[in-house]
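Below: one structure, written as structure tokens.
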Amino acid sequence: WLVLCVCAHVAITRVAASKGYVAVKGNNLYILPPTDGSVIVGAQDTDLLATISNQESQIESLITQGAKQQEALSQQRAEINQLNARVSSDEVHLSNLREMVDLQQSQFALSQQNLINQIPTHLLFEQNGPRTVRNVLDVGRYTSLALTSSGFPVISYHHGTNNNLMLAVCSDVSCSSSSIRTAASGGDVGTFSDLSLTSDDRPVMSYYHATFGDLNLVICSNATCTSSTFRTIDSFDHVGWHSSLELTSANAAVISYYDITNQNLKVAVCADLLCSTATSNTVDESGDVGTFSSIILTSNDVPVISYYDYTNEALKVAICNQASCTSATTRTLDSTGDVGRDSCIKLLPNGHPIISYYDSTNGNLKLAICSDFTCTSAMIQVVDSAGHVGQHTSLALTASGKAVISYYDVINNALKLAVCNDATCSLATTRVVDSDGDVGQYSSLVLTSTGYPIISYYDATTKDLKLAGGSIILV
């Protein structure tokens, strides 16, 4: 029951004339309207009721939406639980796969070691990656590599910090350790060096003496070069760049080199092993010729020399008419563009010259194969044209006469190897030997008796001398 009482039943103090009051006391409701107002009981405010009804509808809608969202959330929770269960199952499966891979890797490592154990000792080096032979200061430019009768590498190179000619004599085929010697010192010596070994494995090295502008020669007294004999081969004017050395059947040195003063190609022929006397002759003086020379001897010790014609930007070859090379026949083999730098010459089994060289116009590695001994004509092959390649070439031949060439990839700063598939190199297989840093300049290549390539070269990033062996027999 609602009871309305007059104001006399309760005392209510007015605070402001414009305000009314409502109070509850016990079971009674007390209403005091404003001074100018009145109390209305039982009346209906249509607008207010409509507003309240609308709000009730909105509340019911919100409740319905909330219920739907709650249902969707429950479904998502169920899906998440399913995914978690699936992930847990996948993790178990992945763990099992990892265990299987680990087991297979262990089995592979064991099998690989068993295979390595079956490899003859003298081939173990070819299964290894590049090895740093010398890593003190700045060493390794102008490398030249030869193998002893036991197949141990011997390397001459330049010590850039001390300006000395250095020699590394490896103790085994893998060069796991080496005897390092200062082969020549006293001034700025050792650039443009080349190395050959006598029949009893004594190193003989030609090199440029920059302090005096001379061509020099050092002949080691034994295989480890504990003592040496030094010779000044040519001191007339300024001579000795780009020397290339071969030994005759009597172990006497024959050296091709560049005369800087006169811009000529020259050759020096020693009389004996210790080069007690040497005869120097100008081979070609037609323009600025003779840089990047490479020499090889025929079976009769007659020199054949490849070199660069700077005047005509061409590859040339000189075939000496006798062992002393007092006269020679010279020919231009390739003059298409600027070609002929970094040449390396060998003789095919039939005695025809074959030359690797750099095409600086196109950035290619090229090969010239002479049609006869005097090279009246030559077949020119592009061996590698991928990017900018072909500097610092070094050439070796397999027993069947196929060319194998080490060289520098300028763009990728890498050492590469090209293996010709036939005698004319109509097709070649190229491989990256080392790409760790800037590597591959001043490469020198030899093949072992079983056909494995071994390469010495310079690491420009670490300034080290490095040695790499191939993993495939070349036949």
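Taken in order, the sequence shown gives residues -7 to 467; the numbers are from the working numbering. Virtual Cβ for every residue (Gly too), placed ideally from N, Cα, C.
Residue interval of the beta strand (DSSP E) (run including residue i)
{"i": "T368", "result": "It is not in any beta strand (DSSP E) - T368 carries neither H nor E in the DSSP assignment."}
{"i": "F144", "result": "No beta strand (DSSP E) holds F144; DSSP gives it neither H nor E."}
{"i": "S377", "result": "Here S377 belongs to no beta strand (DSSP E), and DSSP marks it neither H nor E."}
{"i": "G182", "result": "V181 to L189"}
{"i": "S398", "result": "A395 to D401"}
{"i": "T271", "result": "A270 to D276"}
{"i": "I252", "result": "Counting along the chain, I252 falls outside any beta strand (DSSP E), and DSSP gives it neither H nor E."}
{"i": "K455", "result": "Per DSSP, K455 belongs to no beta strand (DSSP E) and is neither H nor E."}
{"i": "A176", "result": "S170 to A176"}
{"i": "T221", "result": "S220 to D226"}
{"i": "A263", "result": "Run containing A263: none; DSSP gives neither H nor E here."}
{"i": "V232", "result": "According to the sequence displayed, residue 232 carries Gly and not Val. Note, G232: beta strand (DSSP E), V231 to L239."}
{"i": "N243", "result": "Counting along the chain, N243 falls outside any beta strand (DSSP E), and DSSP gives it neither H nor E."}
{"i": "D351", "result": "P345 to D351"}
{"i": "G355", "result": "That residue, G355, is in no beta strand (DSSP E); it is neither H nor E in DSSP."}
{"i": "G429", "result": "It is not in any beta strand (DSSP E) - G429 carries neither H nor E in the DSSP assignment."}
Pair within 8 Å by beta-carbon distance, residue i and residue j
{"i": "K408", "j": "D414", "result": "no"}
{"i": "N376", "j": "N354", "result": "The identity of residue 376 in the sequence shown is Asp, whereas the question assumes Asn. No; because the gap between Cβ atoms is not below 8 Å, this pair is not in contact."}
{"i": "L209", "j": "R223", "result": "yes"}
{"i": "A388", "j": "V425", "result": "no"}
{"i": "A320", "j": "A310", "result": "yes"}
{"i": "T269", "j": "S316", "result": "no"}
{"i": "C362", "j": "A395", "result": "no"}
{"i": "I288", "j": "K338", "result": "yes"}
{"i": "N156", "j": "T135", "result": "no"}
{"i": "G152", "j": "Y200", "result": "no"}
{"i": "T216", "j": "S171", "result": "yes"}
{"i": "Y399", "j": "V374", "result": "no"}
{"i": "T253", "j": "H230", "result": "yes"}
{"i": "S236", "j": "S286", "result": "yes"}
{"i": "S348", "j": "C367", "result": "no"}
{"i": "L129", "j": "I211", "result": "no"}
{"i": "A260", "j": "L340", "result": "no"}
Straight-line gap, residue i to residue j (C-alpha atoms, nearest Å)
{"i": "G343", "j": "S291", "result": "9 Å"}
{"i": "Q105", "j": "V246", "result": "Note on Q105: pLDDT 45, under 50, position unreliable in the model; no value is reported."}
{"i": "A460", "j": "G182", "result": "23 Å"}
{"i": "V131", "j": "S198", "result": "18 Å"}
{"i": "T303", "j": "Q314", "result": "27 Å"}
{"i": "Y450", "j": "V411", "result": "21 Å"}
{"i": "N120", "j": "K458", "result": "Reliability of the predicted coordinates at N120 is poor, the pLDDT of 48 falling under 50, and no value is obtained from them."}
{"i": "D192", "j": "G329", "result": "44 Å"}
{"i": "L115", "j": "L159", "result": "At L115, the pLDDT of 30 sits below 50, so the modelled position is not reliable and the matter cannot be decided from this model."}
{"i": "I397", "j": "D351", "result": "15 Å"}
{"i": "T113", "j": "R78", "result": "With a pLDDT of only 32 at T113, under the threshold of 50, the placement of this residue in the model should not be trusted; the figure read from the coordinates follows. Rounded to whole angstroms, T113 to R78 spans 53 Å at the Cα level."}
{"i": "F284", "j": "D164", "result": "31 Å"}
{"i": "S435", "j": "P345", "result": "21 Å"}
{"i": "D226", "j": "S220", "result": "19 Å"}
{"i": "T390", "j": "G443", "result": "7 Å"}
{"i": "A378", "j": "S386", "result": "18 Å"}
{"i": "I447", "j": "N273", "result": "32 Å"}
{"i": "F184", "j": "S298", "result": "16 Å"}
{"i": "N256", "j": "A420", "result": "34 Å"}
{"i": "L359", "j": "V331", "result": "11 Å"}
{"i": "T318", "j": "C312", "result": "8 Å"}
{"i": "A452", "j": "Y149", "result": "14 Å"}
{"i": "S213", "j": "R194", "result": "7 Å"}
{"i": "Y250", "j": "R333", "result": "13 Å"}
{"i": "T322", "j": "G205", "result": "27 Å"}
{"i": "G279", "j": "D180", "result": "29 Å"}
{"i": "N154", "j": "T324", "result": "39 Å"}
{"i": "L139", "j": "V196", "result": "13 Å"}
{"i": "T440", "j": "D301", "result": "33 Å"}
{"i": "D264", "j": "Q433", "result": "33 Å"}
{"i": "N46", "j": "Q61", "result": "22 Å"}
{"i": "V161", "j": "V146", "result": "5 Å"}
DSSP bridge partner residues for residue i (one or two, in chain order)
{"i": "S286", "result": "S298"}
{"i": "Q383", "result": "Y400"}
{"i": "S461", "result": "Sequence inspection shows Gly at residue 461; the Ser mentioned does not correspond to that position. I446, per the DSSP bridge assignment."}
{"i": "H201", "result": "V181 and D206"}
{"i": "T422", "result": "A410"}
{"i": "R133", "result": "H150"}
{"i": "A138", "result": "V146"}
{"i": "V196", "result": "S188 and I211"}
{"i": "N73", "result": "Answer is none; N73 lacks a bridge partner."}
{"i": "D258", "result": "At residue 258 the sequence reads Lys, which differs from the Asp that was named. According to DSSP, K258 bridges with Y249 and T274."}
Residue-level contact to chain D via CB, residue i, 8 Å cutoff
{"i": "S278", "result": "Among the protein chains of the structure shown there is no chain D, as only one such chain exists."}
Hey, which unbroken runs of the beta strand (DSSP E) at 3 residues or more fall wholly within the segment 297 to 343? As far as the segment 297 to 343 is concerned, its whole beta strand (DSSP E) runs of at least 3 residues are 306 to 312, 320 to 326 and 331 to 339.
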